[in-house]
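J.: Residue numbers (the UniProt record's numbering), protein chains in the order written: chain A, 1 to 366; chain B, 1 to 228.
Every residue gets a Cβ at the ideal spot worked out from N, C-alpha and C, and that includes glycine.
Given the structure is predicted, the values throughout are model-derived calculations rather than measurements.
Structure follows, in structure tokens:
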């Protein structure tokens, strides 16, 4: 630290510039990470939050929840292997509705579930529906931005049914559309299923062990059992969206490592004579290595603090509708990664310093 | 024993096989406490190698080196580092100060390296600068010092660890004769004052009268020049 701080003080511009680059890169990493997290929950928070471990899905559905179709008979087969309270049928329907008294079309996803079962959402405003109502639903509170209110009515475009909103949930979305929860009576009405015919739904959510899940997959014909992360990847666009953002983040980390590595390597080469003198007067390689690492870490930590402040500042002025979610664990994770990457970036310089021979100081004009 | 440094039949061979070059050939030298020895010789005669070996920067191919009663020719690189830090002071050709340290910090660095940085070290640094006439320069960076001042800082730095022996590699090479002489005079005074020893490699014949002994190197062989 003795040398590190004094060198910073003497060569301010040099270290300011590399710090600036690190601030920009760290800012970009944090911003894109927040965006990825935000988009991920904007896309699929209803599945991420769901109190279930596995989904029983039609075998041909290719892991896509909304492509699958299961019947009541199938559900009974499944329940032979898993207790009925841990098995919850779920209907998923992408739809478009209009607010009563307006012609503006709004996208949403209907989720049909036993509202007394494990899939019932948490209502943050208003009240929950029960299993007997025929025209009441609870909607995600992001729909408020479209002007929906408690007690307001919506009209489903495809079935023509009208529902009254009696409650709001928080953070429930599927495939970038807010989720509207309903019971199976209303689900049947939306799909014009006659009361005497079998109920149809998309998937069955399971809250059970891995062994049970595998047993069901083996014993029940025509179904596959997938876990939550597979289900998420099955949401249209989810994997592509996250994949491209993750690639950007990974590249930014690599770039950060290279910027630091090249910068410090060039500086080290410039200072070889100096390091030779230091070794000649008795500095150990370990001392010089600590000198370089403390410089790298100092620059990284200062850059991180600035960029975290910058990111939260920018997040503060972003509009609410922007899917941006930067949680403290995410910030800590990214910062930790950055520190690791910066130390990796300094290894090249450490190697060079270790190879310097003290004898370079003798008989040489600087 | 009174000898600060003893070189006993030291040889250094570079290269291998057919292209062997014997840079130092059976060199023996004893330096007593309070002695200031000049080493002169044409370029390529082995002066730098001699200084590197005496300064524990280079290991000899054969022979013994005893510094302050410790035989150093067998020690590992790590131990040699420790020896250099505690027992040897270097004054290099072009001072080789660290550009981003102030004059005072150049000296404190030595105690920092030795892991003994405290008030006493600061006091010692201030005393040394005072004696070498650098007190008014102690917060300056090397870039704003004159050549003579830089060499004086280098001498102060070499004395900072209270070494048993000071090795100077052409300390006057970048100075005019008047300044060079005052620098060498200071070096000689330090040696006398502290009862230490010093070896100075030089080209400059005008400085020799400030030294107690002069040895001459040619083709790797050392001969004592009688002082007249």
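1) Where does residue 247 (chain A) land, buried or exposed, given buried means 16+ other C-beta within 10 angstroms?
2) Is the Cβ-Cβ distance between residue 110 (chain A) and residue 95 (chain A) less than 7 Å?
3) Going by C-alpha to C-alpha distance, which of A:135, A:280, A:37 and A:275 sits closest to residue 291 (chain A)?
4) When you compare only the Cα positions, how much space is there between residue 194 (chain A) and residue 220 (chain A)?
5) Should residue 68 (chain A) and residue 57 (chain A) be called a contact, given that it needs their Cβ atoms to be closer than 7 Å?
6) Between the Cα of residue 103 (chain A) and the Cα atoms of A:154, A:10 and A:242, which residue gives the shortest distance?
7) So what does DSSP say about residue 230 (chain A), is it helix, strand or coil?
8) In whole angstroms, what separates the C-alpha of residue 222 (chain B) from that of residue 346 (chain A)?
9) May I have the straight-line CA-CA distance separating residue 43 (chain A) from residue 303 (chain A), to the nearest angstrom?
10) DSSP state of residue 248 (chain A), grouped into three classes?
11) For the candidate residues A:315, A:89, A:352 and A:5, whose alpha-carbon lies nearest to that of residue 203 (chain A)?
12) What are the boundary residues of the alpha helix (DSSP H) that includes residue 79 (chain A)?
13) Which residues in the same chain have their Cβ closer than 8 Å to the Cβ of residue 13 (chain B), if we skip the five residues on either side of it in sequence?
14) What number of angstroms, rounded off, separates the C-alpha of residue 113 (chain A) from the C-alpha of residue 243 (chain A)?
15) Counting only Cβ-Cβ distances shorter than 9 Å, please list the residues of the segment 81-100 of chain B near chain A, keeping chain order.
16) Taking only three categories from DSSP, how would you classify residue 195 (chain B)?
17) Could you tell me whether the segment 37-47 of chain B touches the segment 87-102 of chain B, where touching means 3 or more Cβ pairs closer than 8 Å?
18) May I ask you to report which of helix, strand or coil DSSP gives residue 50 (chain A)?
19) When the Cβ atoms of the segment 40-59 of chain B are set against those of the segment 187-196 of chain B, are three or more pairs found closer than 8 Å?
20) Could you name the residues of the segment 41-60 of chain B whose beta carbon sits closer than 7 Å to any beta carbon of chain A, in the order they occur along the chain?
21) In or out: residue 263 (chain A) buried (at least 16 other Cβ within 10 Å) or exposed?
22) So who's on the other strand from residue 229 (chain B), going by DSSP bridges?
23) Residue 277 (chain A) touches chain B at which residues, Cβ-Cβ below 9 Å?
24) Identify whether residue 207 (chain B) lies in helix, strand or coil by the three-state DSSP scheme.
25) The segment 106-137 of chain B: which residues have C-beta closer than 9 Å to a C-beta of chain A, in chain order?
26) Give me, in chain order, the residues of the same chain whose beta-carbon lies closer than 6 Å to that of residue 51 (chain B); leave out the 5 immediate sequence neighbours on both sides.
27) Using a Cβ-Cβ cutoff of less than 6 Å, which residues in the same chain neighbour residue 230 (chain A) once the five nearest sequence positions on both sides are dropped?
28) Do we get a CB-CB distance below 7 Å when we pair residue 19 (chain A) with the residues of chain B?
29) Determine, using beta carbons only, whether residue 367 (chain A) comes closer than 7 Å to chain B.
30) Note the first and the last residue of the continuous beta strand (DSSP E) segment covering residue 178 (chain A).
T.: Put simply:
1) exposed
2) yes
3) When each option's Cα is compared against that of residue 291 (chain A), the closest is A:275.
4) 27 Å
5) yes
6) Nearest option by C-alpha distance: A:154.
7) helix
8) 46 Å
9) 32 Å
10) helix
11) A:89
12) 72-79
13) The residues are 20, 21, 22, 23 and 61.
14) 31 Å
15) Sequence-ordered contacts of the segment 81-100 of chain B with chain A read 81, 82, 83, 84, 85, 86, 88, 89, 90, 92, 93, 94, 95, 96, 97, 98, 99 and 100 [C-beta pairs closer than 9 Å].
16) coil
17) no
18) coil
19) no
20) 48, 51, 52, 57 and 58
21) Its Cβ being crowded by 16 or more others within 10 Å, residue 263 (chain A) is buried.
22) Lying before the first or after the last residue shown, residue 229 (chain B) is absent from chain B, which here runs from 1 to 228.
23) 90, 92, 96, 97 and 98
24) helix
25) Cβ contacts with chain A: 108, 109, 110, 112, 113, 114 and 117.
26) Within the same chain, Cβ atoms closer than 6 Å to the Cβ of residue 51 (chain B) are found at 167, 169 and 201, the five residues on either side in sequence being excluded.
27) 63
28) no
29) Summary: the structure shown does not reach residue 367 (chain A), with chain A confined to residues 1 through 366, and so no result is reported for it.
30) Where residue 178 (chain A) is concerned, the enclosing beta strand (DSSP E) stretches over 177-182.
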